[in-house]
Amino acid sequence: MWMLSFVPDSFLIWIVNSILIAGAIGSFLSFFLLHRIVRWFPALAPYHLLIQIVSAVLLVAGIYFKGGYDTEAAWRDKVKAAEERAALAEKQAAETNVKIQTKIVEKIKVVKENTIVYQDRIKEVEKLIDKECKVAPEAIDIHNAAAKNRKLGESK
Amino acid sequence: MRFLLLIPTVLLAGCLTTAPKFPDIPPELQKACPELQEATQNTTELSKLLDVVVVNYSTYYECRVKIDAWLQWHKEQKEIFDKAVK
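These protein sequence lines are chains U and X, in that order.
Residue 148 is where the first sequence ends in the working numbering, and the numbering goes up by one at each step.
Residue 106 is where the second sequence ends in the working numbering, and the numbering goes up by one at each step.
Encoded structure:
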């Protein structure tokens, strides 16, 4: 049934309605007015049973297709709604990305600005800091090992 | 015979879904966190060491911003996705 989705809606409903209407009219004429028609067109008399059968088949097929089309239409509506939700989700996801990207850039900018302020302050009080404190090489080793997550004493 | 290959292609077209595509990741989140810096080995000046420590702290905060952003990104994108496929 899903393969019907390749057929345009308007064409499909036209086909279904044509079969249904042809079946309904054919059935009405062949079952209720056949004797009058035969009076005007005697050549149809030998085929009256065939006409009735074809009309009945068309009517039943038309009703069946009509039901099938309504089901197909309901599925198409569901797919359309899902597509709309997906499109909306993609739009929202893109907006969220822009929001988060902006937030990251702003926060990192603040971190970098603060770092510059701290470094400038260190330069300002450099002499004061270094005046009474001499760093032992072991302290540098410990710091560097911690910074690189190495074992103490392990070479680079 | 080659045309028989078209049959599964046509039939599988019925398996197409309408789920939203996986969202892109913000460019800033695609960058790895930088390595921490080491102090100059032979320095005895505390100011030099402090300078490196400050840089390393800022590296940590940059990374923290990114991790927080990853958590926020996942939370918000999940909410959007769940709403779309509900």
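Glycine residues also receive a C-beta, built at the ideal position from the N, C-alpha and C atoms.
Quantities reported herein were computed from a predicted structural model and do not represent experimental measurements.
Cβ of residue i within 7 Å of any chain X Cβ
i	result
residue 135/U	yes
residue 74/U	yes
residue 89/U	yes
residue 63/U	no
residue 77/U	yes
residue 55/U	no
residue 49/U	no
residue 155/U	Summary: the structure shown does not reach residue 155/U, with chain U confined to residues -7 through 148, and so no result is reported for it.
residue 39/U	no
residue 112/U	no
residue 85/U	yes
residue 126/U	yes
residue 82/U	yes
residue 108/U	no
residue 118/U	yes
residue 122/U	yes
residue 66/U	no
residue 96/U	yes
residue 103/U	yes
residue 93/U	yes
residue 139/U	yes
residue 7/U	no
Test item: CB-CB of residue i and residue j under 7 Å
i	j	result
residue 19/U	residue 47/U	yes
residue 75/X	residue 57/X	yes
residue 53/U	residue 11/U	yes
residue 107/U	residue 78/X	yes
residue 82/X	residue 100/U	yes
residue 74/U	residue 38/X	yes
residue 96/U	residue 89/X	yes
residue 8/U	residue 70/U	no
residue 30/U	residue 21/U	no
residue 40/U	residue 26/U	yes
Proximity winner among the options, relative to residue i (alpha-carbon distances)
i	options	result
residue 91/U	72/X, 40/X, 47/X and 68/X	47/X
residue 59/X	145/U, 127/U, 64/U and 146/U	127/U
residue 55/U	69/U, 26/U, 66/U and 16/U	16/U
residue 133/U	69/X, 42/X, 106/X and 45/X	69/X
residue 64/X	130/U, 145/U, 137/U and 140/U	130/U
residue 115/U	91/X, 105/X, 38/X and 72/X	72/X
residue 43/X	70/U, 81/U and 23/U	81/U
residue 94/U	105/X, 49/X and 106/X	49/X
residue 96/X	76/U, 63/U, 111/U and 88/U	88/U
residue 41/X	102/U, 83/U and -2/U	83/U
residue 5/U	67/U, 109/U, 62/U and 42/U	62/U
residue -1/U	144/U, 125/U, 110/U and 68/U	68/U
residue 24/U	44/U, 33/U and 13/U	44/U
residue 80/X	60/U, 141/U and 103/U	103/U
7 Å Cβ cutoff, residue i in contact with chain U
i	result
residue 93/X	yes
residue 102/X	no
residue 99/X	no
**Prompt:** Which residues, taken in chain order from the stretch 42 to 54 of chain X, show a beta carbon closer than 8 Å to some beta carbon of chain U?
**Reply:** 43, 44, 45, 46, 47, 48 and 49
**Asked** Using 8 Å as the threshold, is the stretch 111 to 121 of chain U in touch with the stretch 99 to 106 of chain X, meaning 3 or more CB pairs across them?
**Response** Between the stretch 111 to 121 of chain U and the stretch 99 to 106 of chain X there are fewer than three inter-stretch CB-CB distances shorter than 8 Å, so the stretches are not counted as touching.
**Request:** Give, in chain order, every residue of the stretch 65 to 95 of chain X whose Cβ lies closer than 7 Å to some Cβ of chain U.
**Result:** Taking 7 Å as the Cβ-Cβ cut-off, the stretch 65 to 95 of chain X approaches chain U at 65, 66, 67, 69, 70, 71, 74, 75, 76, 78, 81, 82, 85, 86, 89, 92 and 93, given in chain order.
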